[in-house]
């Protein structure tokens, strides 16, 4: 009985704390693996990402969004940096990334790759 | 019309009054003692003569004064530098010119022919230095009116090569966006973006003059960006034009994207920034990306490649991308896997000392399949740890004792191709294990599948992970695989160079000059498209040295003067093309990227190294911007430059040239054309060049295999601008030498000044057709058995508008009416000279301002024609004037005529 109660308590706590919603299969399919790892793991290294810090202390990540609807991005408060056809760049917090990937009009979200001088 | 005639009359009065002023000061005999350039300085002031303008000091001019009485010159207050039997050298002021003209002891005052010495032979190799000199259309093409954009490690904005050459308090850099900085205080983030700091031209100039100091924080500590910028757009101001870049009068915008790595998203943002600036300024832009990555699909579908394609879809925009330096790294593998079969890839991690910190000892294998087959992948570490990921699974292996192992097996939502990635790294405490790693990929589908894989990251400590059985195919990196990019391979133009400390360096191995750089990445793309597009000089390239560069890590690359250095890579090749595109856009601002690519690839040169084109090593061949731009201006134009090299590979002893000693190489052009340049090598030893006088380069006729009579003008180059230990280039347009196919000529070098010596290199061969000679004492004799490394370059072709001689022996001076007239787009002017004369043929507007020089220099007797295609000239009436000054009895001839240009 005490064990069942503990399990129930943990489940209630998890729900009431409002933790991040698990990605749907459709959303996962839009993300490249590094961004899934970013959203799913608490121990990712910054080295694989284009990270900077916002004035409020939140980390933001440089990403590339494939969409033809930048208005939808702006409607949810995303500051778009560049638009070339369906290629859009933005710098997102993980919360914003979840919102973006949930948009129907977004086809894919990619971590920003790295290049080196030749 | 009445107004036009009045203006014309006014113009003639202006021109006459100039001549009157001249006549009132010097007699004809005195005037005849001065070269036309010096006459123009006295007549018209400094601007037309192109004399140096020195802020806050008196302008001076190098001069060769023909006299046998140096004492008389000194007595007249002339500061004589070198004294030879028949002439002296001096630096003279404008006032000195009048003094010299009136001295009976002076026979003639000649400015010599100080040309743009392109010591970095790469600029001459591309043909750009001839364009700078106005070889095509009699118009100097230097990138005026365009913007060269460098997205790189930043720029040394203090470097003199990026400043206004006549007022070095002014910068040529319009904007710098440092994407790595966070704005503080009054610093501004560029409009429309949320990060980085933008500096304006005004702020850079304030920093240059120190008001305020310390505001511009951007620095190019890596030095890569400054070097790239110098090649694309440097003006050589730091060292008397010695290291002039491709588009020396283009404006510059720099985006500092990082120091050692650059993200796709920020590169895309860079394009947005450039598009905004180009639109606001109304100028065409040529963007350089000398960066890239081997991680990705290599099929042109990546985001930054799609953005690039979109960016260049508007006229007046081009992006040039380096192909990559993986042409000899064996990082690629490709093939097929039968249904149910397994392909195994093997990697060797060598013994190494790990780098401190995390995520810096790693290897990454990026495997792409055509379509979306069902595959599973299993990695086995040197200690037999295994980890498998099936279709659409990804994650990290539970054990990290051999390093952190991750496999991603997923469908790319962008190009709907399956991508399987293996990443072994030091995310935690354990680093990748030394030994053999295998990666087995099983085809679970019922059909044959095709793959390409790249070992895109491979550094552990200071060692390199290798892929067993790897090859160099498809090693062109991204974003160079973008269809809209002009993708550039690298070849060698210099194998050795002098160092700042008096020693010299050479690359190891067999000299590959003129051959492809071994590292230059090879095509095609994964989807089979042609890449690279073209090749440009990319090894042994001299360009700007950033003052923030850590010279202790690259001391051997630093050139004398400590303002430039040598670097190599397709990074160095790309800016040659970026600058070339700026030259095209300067002449034709609305060209599209695809038109520019077509012009460059259709005019590229081929040779024995290249073979059939296009191919996946060279693209369409070696870039020839001279012919490309000529074709853009005059579609029927063809220009072929031929180098006449009789020396053999290797090197041996050298021949010192000093005092009365001269050396010569006989050349026999196989085509008729214009002598445009001379290449020569100076020895490696520290005393290869001594003295501060001039090197004289002359052309002689041939008698019995030896030089006979000097023909054409003498071209002089200050010895301090000549480099030891490498090949040098002298532009010879001012020699005014048209050569005839099958006729023997001699290139003669001398350094007659007191204390001047030039040690010219001899080859290492013993060829039977010896063509080298030296003048020692009063007679020429053969140098045997070796040949001097002196080569003549001749340009031949049709349709371009240099002065051409046409048959006939005229009895009198004549200036013919231009034809057609009125005209658009081009017209031809002919003139005749009964004897050798110093000629200036120029076009003036009705205000008396010169708008074009069609011919200048010494011409032999004959009839000549020149075609003028106006550039940036309004329609209307113009005056063209011939001024021909013969020696002695033939006198001076001046005549003007009208022409009408219709737009």
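Residue numbers (the working numbering), protein chains in the order written: chain A, 1 to 118; chain B, 119 to 1021. Every residue gets a Cβ at the ideal spot worked out from N, C-alpha and C, and that includes glycine. All values reported here derive from a predicted model rather than from experimental measurement.
Evaluate the contact criterion for the segment 839 to 849 of chain B versus the segment 801 to 809 of chain B: three or more CB pairs, one atom per stretch, below 8 Å.
-> yes
Quick one: which residues of the segment 93 to 111 of chain A get their C-beta closer than 7 Å to a C-beta of chain B? List them in chain order.
-> 107, 108 and 110
Using three-state DSSP, classify residue 244 of chain B as helix, strand or coil.
-> helix
Are the beta-carbon atoms belonging to residue 537 of chain B and residue 451 of chain B less than 8 Å from one another?
-> no
Min CB distance residue 67 of chain A to chain B below 8 Å = no
What in chain A is Cβ-close to residue 327 of chain B, meaning under 7 Å?
-> Within chain A, no residue comes near residue 327 of chain B; the closest Cβ sits about 32 Å away, beyond 7 Å.
Per-residue DSSP class, three states only, for residue 273 of chain B = coil
What is the DSSP secondary structure of residue 345 of chain B, counted as helix, strand or coil?
-> The three-state secondary structure of residue 345 of chain B, taken from DSSP, is helix.
Report the residues of the segment 502 to 533 of chain B with a CB closer than 7 Å to any CB of chain A, ordered along the chain.
-> 512, 526, 528, 531 and 532
Helix, strand or coil: how does DSSP classify residue 948 of chain B here?
-> strand
What are the residues that DSSP puts in a beta bridge with residue 65 of chain A?
-> A/88 and A/109
Reference residue 1020 of chain B, options B/991, B/998, B/1012 and B/565, closest by Cα = Of all alpha-carbon atoms in B/991, B/998, B/1012 and B/565, the one lying nearest the alpha-carbon of residue 1020 of chain B is that of B/991.
With contact counted as at least three CB pairs below 8 Å, one residue from each stretch, are the segment 608 to 620 of chain B and the segment 381 to 388 of chain B in contact?
-> Contact annotation: the segment 608 to 620 of chain B does not touch the segment 381 to 388 of chain B, with fewer than three C-beta pairs closer than 8 Å.
May I have the straight-line CA-CA distance separating residue 121 of chain B from residue 1016 of chain B, to the nearest angstrom?
-> Bear in mind that the predicted position of residue 121 of chain B carries a pLDDT of just 44, short of 50, making it unreliable; the figure below should be weighed with that in mind. The straight-line gap from Cα to Cα measures roughly 15 Å.
Confirm, please, whether the CB-CB distance from residue 409 of chain B to residue 55 of chain A is below 8 Å.
-> It is not a contact, given that the beta carbons lie outside the stated cut-off.
Given that a residue counts as buried once 16 or more other Cβ atoms are within 10 Å of its Cβ, and exposed if not, what is residue 926 of chain B?
-> exposed
Is the segment 358 to 372 of chain B close to the segment 691 to 700 of chain B, with three or more CB pairs under 8 Å?
-> yes
Would residue 408 of chain B count as contacting chain A if we go by Cβ distances under 8 Å?
-> yes
8 Å Cβ cutoff, residue 78 of chain A in contact with chain B = no
Outcome for residue 429 of chain B when other beta-carbon atoms lying within 10 angstroms are tallied against a minimum of 16 = Of the other Cβ atoms in all chains shown, 16 or more fall within 10 Å of the Cβ of residue 429 of chain B; this residue is therefore buried.
Cα-Cα separation between residue 818 of chain B and residue 645 of chain B, rounded to whole angstroms | Distance between the alpha carbons of residue 818 of chain B and residue 645 of chain B: 56 Å.
Span of the alpha helix (DSSP H), counted from its first residue to its last, around residue 881 of chain B = Note, residue 881 of chain B: premise wrong, no alpha helix (DSSP H); beta strand (DSSP E) at 875 to 881.
Name the residues in the segment 375 to 398 of chain B whose C-beta lies less than 8 Å from a C-beta of chain A; which are they?
-> For the segment 375 to 398 of chain B, the residues whose beta carbon sits under 8 Å from a beta carbon of chain A are, in order, 378, 379, 380, 381, 382, 383, 384, 385, 386, 387, 389 and 390.
Near-chain A residues of the segment 450 to 484 of chain B - C-beta to any C-beta below 7 Å = 476 and 477
Buried or exposed for residue 937 of chain B, please, with buried defined as at least 16 other CB atoms from any protein chain shown within 10 angstroms of its CB.
-> exposed
Using a threshold of 7 Å, is the CB atom of residue 316 of chain B nearer than that to any non-hydrogen atom of the ligand NAP?
-> Annotation note on the ligand NAP: not contained in the displayed structure, which lists no ligands.
Does the beta carbon of residue 592 of chain B come closer than 8 Å to any beta carbon on chain A?
-> It does not: the Cβ of residue 592 of chain B has no partner Cβ on chain A nearer than 8 Å.
Best match in B/637, B/486 and B/362 for proximity to residue 444 of chain B [C-alpha to C-alpha] | Selected option, being the one with the closest Cα: B/637.
Cutoff 6 Å; reference residue 73 of chain B; Cβ partners in own chain excluding five residues on either side | Limits of chain B in this structure are 119 at one end and 1021 at the other, which puts residue 73 of chain B out of reach.
Is the CB of residue 163 of chain B under 8 Å away from at least one CB in chain A?
-> Confidence at residue 163 of chain B is low in this model, with a pLDDT of 48, below 50, so the placement of that residue should be treated as unreliable; the coordinate-derived value is given next. No, its Cβ sits nowhere closer than 8 Å to a Cβ of chain A.
Please report how far the alpha carbon of residue 723 of chain B lies from the alpha carbon of residue 745 of chain B, in whole angstroms.
-> 10 Å
Are residue 475 of chain B and residue 688 of chain B closer than 8 Å when you measure CB to CB?
-> no
Taking a Cβ distance cut-off of 7 Å, strictly less, list which residues of the segment 413 to 427 of chain B are near chain A, in chain order.
-> Result list: 413, 414, 421, 424 and 425.
Is residue 434 of chain B close to chain A, meaning its C-beta is less than 8 Å from at least one C-beta of that chain?
-> no
Whole beta strand (DSSP E) elements within the segment 361 to 441 of chain B, 3-residue minimum = Restricting attention to beta strand (DSSP E) runs no shorter than 3 residues, the segment 361 to 441 of chain B encloses them at 369 to 374, 403 to 407 and 435 to 440, ordered along the chain.
Hey, could you find the ends of the beta strand (DSSP E) residue 543 of chain B is sitting in?
-> 536 to 543
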